Amino acid sequence: MDEKQLIPGLFRTEYQKMVSVLSSVFGINHIEIAEDIVSDTFLSATEVWSMKGVPENPAAWLYAVAKNKTRNYLKRANLYEQKITPELKDNFENPNGEIEIDLTEKNIKDSQLAMIFVVCNPCNSNEAQVTLALNLLCGFDVNEIADAFLTNRETIYKRINRAKEKLKEKKIEIEHPSVPEVENRLDNVLKTIYLLFSEGYYSTSQNITLRKDLCVEAMRLTYILLQNAPTNLPKVNALMALMCFHASRFEARIDGEGELILYHDQDELLWNKELIELGAQFLSLSSSGNVISQYHLEAGIAYCHTMKDESAEKWERILELHNSLLILEYSSVAALNRTYALSKVKGKQQAILAAEKLKLTGNQFYDALLGVLYTGIDDEKALVHFESAFCLARTAADKNIIEKHIRDLQSKGK
Amino acid sequence: MKQFLLIFRNNVQTLEFQPSLQELQEAAREWQNWFGGIAAQNKLVRPLQRWDPRGIVISREKAWTGPYVELKECIGGLMIIQAHDYGDALEIARDCPALLTGGNVEIRMAV
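From first to last, the protein sequence lines are chains A and B.
In this text, residue positions in the first sequence follow the working numbering: the first is 300, and each later residue adds one.
In this text, residue positions in the second sequence follow the working numbering: the first is 999, and each later residue adds one.
Below, the structure is given as structure tokens:
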């Protein structure tokens, strides 16, 4: 493989590892130094490898160069600026006074976990946490993040810097989380990772590769949590199962033009069987302990949807899981999905009664649901709701789907 | 929105009535659906709490442990919801599965 393809691949896998290790020695106040050293290392790789060829073990080469650059930086800083405090120096120096940076697999794993907990700190908004995660934990550059969020690079640049400043201001330590800390903070970490996944899964960005990368990264971060004993907990396995089940439909839900294909119209053969199986394994791992999290319930629902048959038992199970999910925590999406499941179990008439009580006026998905429920019961009402959903819809993909419903109804009426 | 306490009382006059496993499961599903429907309207104030079905009732003269055959009814459970007014709360309580088996629901507004 030539270095043109090799370097971006290594950048994705190694950048965040190196930044994590160096950041945990430099501390949050000097996080830019860590980033600069690692970026500089990749720049050297591009230059050197194009002239001298790719070394035998490219990752080891990167680590060695990063170590050297750090050593040089520390010497200079000590000589000229005294910027590095004595305590910080203790992090580097071995008993012989030599500068040492631990790039063993174990330390990389520990540092990555520590960084995940720093980046997913609730002192920043959810949006800022996701952006920072993409940047520091996943090695995405500002352009890629701007593309994923459908915004411009200045906005993202500012958001990242503000988020870093906030972490410094709050003096957040980069350290391996203790057991009570894991208990307190894990929920927020999982929420950020799930948002990162959803950003990729539900984004309207046309860049499909990028969207898939976002999902893969969210799964990779969850996998890091699973590899560390204190965070290898049932709900983390449940989140992993949920993401596997969703990801299994990635290919089937988008057509060649990037248009969304609804569940019923998806080609089952395009569902990724390996991911479904993997998800089932994580789901069974998640069933130990006595805590049922939102991820357990959502993974259970997603698992039911991996079976395309329309049996009564399947929908009863889905309704039950949605009930539990809503009792745990309300969300309008869950309320709408629950009502759809109710229509499958108790019929459209009952579901319409329940739907009318939801009072989610102004929500396009509410009108779309009412449109579906009234279809065949009161087609005129169905049409009114679909038309209202069409006006409320913001994306072309949503508008297309609703338009199809409207066309179907109109042709039925003729 | 105001908060309301709903207290469900089961009718235990017919202690001989022993539902089958299937009937119990069906009843549990009805309750779950009712809870889910309230939660879907975002009118559930706190997560549901399970209560010990026995418990103790005291009067000046004596104390009973459940089930309260003497009282002819017992509290099956209670929950706190939010609703606009008594009418709204009543609308929700009307679908309570306890009513189907001779029980009742008491509604109290938080003041």
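The C-beta atom is built at its ideal place from N, Cα and C for all residues, glycine as well.
These numbers were taken from a predicted model, which means no experiment stands behind them.
(Q) At the level of alpha carbons, what is the spacing between A/I575 and A/Y562? (A) Taking the straight line from one Cα to the other gives about 16 Å.
Q) By Cβ distance below 6 Å, which residues in the same chain neighbour A/L736 in space, the five residues on each side in sequence not counted? A) One cannot answer for residue 736 of chain A here, as it falls past the ends of chain A, which runs 300 to 713.
Q) Can you find a CB in chain B that lies within less than 9 Å of the CB of A/N714? A) Only positions 300 to 713 of chain A appear in the structure, and residue 714 of chain A is not among them; the question remains open.
Q. Are the beta-carbon atoms of B/L1004 and B/E1089 separated by less than 9 Å?
A. For B/L1004 and B/E1089, no; Cβs fall outside 9 Å.
Q: Drop a sphere of 10 angstroms on the beta-carbon of B/M999, count the other beta-carbons inside from all chains shown, and report buried for 16 or more, exposed for fewer.
A: exposed
(Q) For A/N662, which residues in the same chain have their Cβ closer than 7 Å to its Cβ, ignoring the five residues on either side in sequence? (A) S631
Q. On the three-state DSSP scale, how would you describe A/T454?
A. helix
Q | Residue-level contact to chain A via CB, B/N1040, 9 Å cutoff | A | yes
Q.
At the 9 Å Cβ level, is A/I626 part of the contact set with chain B, yes or no?
A. yes
Q: Decide yes or no for the touch test of the region 503 to 519 of chain A against the region 565 to 583 of chain A: beta carbon pairs closer than 8 Å, at least 3 of them.
A: no
Q: Mind listing the chain B neighbours of A/T638? Cutoff is C-beta to C-beta under 8 Å, in chain order.
A: Per Cβ cutoff of 8 Å: A1038.
(Q) What are the residues in the region 665 to 683 of chain A lying within 7 Å of chain B by C-beta distance? (A) none
Q.
Can you find the residues in the same chain that come closer than 8 Å, C-beta to C-beta, to A/D339, ignoring five residues on each side of it along the sequence?
A. Here the set comprises K368.
Q. Taking buried to mean at least 16 other C-beta atoms within 10 Å of its own C-beta, is A/Y501 buried or exposed?
A. So A/Y501 ends up on the exposed side.
Q.
Below 7 Å on C-beta distance, what does A/K656 contact in chain B?
A. Neighbours of A/K656 on chain B, chain order: Q1039.
Q) Along chain B, in chain order, which residues have C-beta atoms closer than 9 Å to that of A/E619? A) Neighbours of A/E619 in chain B, taken as residues whose beta carbon is under 9 Å from its own, are R1027, Q1030, N1031 and G1034 in chain order.
Q.
Is the separation between the beta-carbon of B/I1112 and that of B/A1108 shorter than 9 Å?
A. Coverage of chain B is limited to positions 999 through 1109, which leaves residue 1112 of chain B absent and any answer about it impossible.
Q | Inter-residue CB distance, A/P533 and A/S610 (contact presumed, cutoff 8 Å) | A | Not confirmed; about 28 Å, so no contact.
Q) Which residues mark the beginning and the end of the alpha helix (DSSP H) in which A/E542 is found? A) According to the sequence provided, residue 542 of chain A is Met. The question's Glu does not apply to it. P533 to A546 is the span of the alpha helix (DSSP H), which, as asked, contains A/M542.
Q. Can you tell me the Cα-Cα spacing of A/D554 and A/A696, whole angstroms?
A. 11 Å
Q: Spatial neighbours of A/L635 within its chain, please: CB distance less than 6 Å, with the 5 preceding and 5 following residues excluded, ordered by chain position.
A: F664 and L668
Q: Kindly say whether A/A359, judged by its beta-carbon, lies nearer than 9 Å to any beta-carbon of chain B.
A: no
Q | contact_flag[the region 651 to 660 of chain A, the region 1049 to 1063 of chain B] where n(CB pairs < 8 Å) is 3 or more | A | no
Q. In chain B, what lies closer than 9 Å to A/Y594 by C-beta?
A. Result: empty, since nearest Cβ-Cβ is about 17 Å, beyond 9 Å.
(Q) Contact defined as beta carbons within less than 8 Å: I believe B/P1045 pairs with A/L433. What is the distance between those atoms, to the nearest angstrom? (A) Not really, about 33 Å apart at Cβ, beyond 8 Å.
Q | For B/V1055, the first and last residue of its enclosing beta strand (DSSP E) | A | I1054 to I1056
(Q) Let's see if you can read the secondary structure: which residues bound the alpha helix (DSSP H) around B/I1105? (A) No alpha helix (DSSP H) contains B/I1105, which is instead part of the beta strand (DSSP E) from N1102 to M1107.
Q) Taking the alpha carbon of B/R1106 as the point to measure from, which residue in B/L1097, B/D1050, B/D1086 and B/D1093 has its own alpha carbon closest? A) The shortest C-alpha separation from B/R1106 is found at B/D1086.
Q. Nearest chain B C-beta to A/E615 closer than 9 Å, yes or no?
A. yes
Q.
Within the continuous beta strand (DSSP E) that includes B/N1008, where are the two ends?
A. For B/N1008, the uninterrupted beta strand (DSSP E) segment begins and ends at K1000 to N1009.
Q) Under 9 Å, do B/N1031 and B/T1099 count as touching if we go by C-beta distance? A) no
Q: Kindly confirm or deny that the region 443 to 456 of chain A and the region 465 to 474 of chain A touch, where touching means at least three C-beta pairs closer than 8 Å.
A: By the Cβ criterion, the region 443 to 456 of chain A is not in contact with the region 465 to 474 of chain A, since fewer than three pairs of Cβ atoms, one from each stretch, lie closer than 8 Å.
Q) Under 9 Å, do A/F544 and A/G588 count as touching if we go by C-beta distance? A) No, Cβ-Cβ distance for A/F544 and A/G588 is not below 9 Å.
Q: Return helix, strand or coil for A/G308, following the three-state DSSP convention.
A: helix
Q. If you count every other CB in all the chains shown that lies within 10 Å of the CB of A/K374, and 16 or more means buried, which is it?
A. Result: exposed.
(Q) Which same chain residues end up closer than 6 Å to A/L466 when comparing Cβ atoms and leaving out the 5 residues on each side of it in sequence? (A) I327
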